[in-house]
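Trainee:
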Amino acid sequence: MSYQTIYRAIYRGHFDDKLSHGARGVIRKLRHRGKIRHTKGHVENRGKISISYTIPERPEEANKQARIGDWEADTVVGKTGKACLVTLTDCYSRFLTIQKVAVK
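Residue numbers (the working numbering): 1 to 104.
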């Protein structure tokens with residue numbers, strides 16, 4: 001019997017022996033305590049916002065910073081990762097607006 005079969009049986013509740021091993025039962029006695037493992041090259045993609053336009057894709061006029069109305073936006077995430085600041089800066093006049101938002 002493979003280790004995957006054993007884990008599947010535990011997760012399906014076939015070994016419900018909660019009283020003898022604490023709140024999480026048999027899972028607590030396993031090698032990785034029920035945590036999901038990933039391969040070496042695994043990259044986490046959850047919770048990330050894809051960038052639609054990058055800096056090299058900007059128009060040349062915006063790079064020269066010679067006209068009013070070209071804005072740059074950025075987010076500043078707090079230490080806990082919950083609330084963050086959204087900053088908007090006009091490239092020509094350096095006018096800055098900052099707004100606090102509750103969630104990213």
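Backbone N, C-alpha and C define an ideal beta-carbon position, used for all residues, glycine too.
Computed from a prediction, not measured in an experiment: that's the story for all the values here.
Leaving out the 5 sequence neighbours to the left and right, which residues in its chain are closer than 6 Å to glutamine 65 when beta-carbon positions are compared?
Mentor: Counting only residues of its own chain and dropping the five nearest sequence neighbours on each side, glutamine 65 has a CB closer than 6 Å to the CB of Cys91, Tyr92.
Trainee: Taking the alpha-carbon positions, what's the threonine 75 to leucine 88 distance?
Mentor: 9 Å
Trainee: Of all the options Asp70, Tyr53, Thr54, which has the alpha carbon lying nearest to the alpha carbon of glutamate 61?
Mentor: The option with the nearest alpha carbon to glutamate 61 is Asp70.
Trainee: Whole-angstrom Cβ separation of lysine 100 and alanine 73, contact assumed at under 8 Å?
Mentor: Lysine 100 to alanine 73, Cβ: 15 Å. No contact.
Trainee: I'd like the span of the alpha helix (DSSP H) that includes glutamine 4, first residue to last.
Mentor: 3-11
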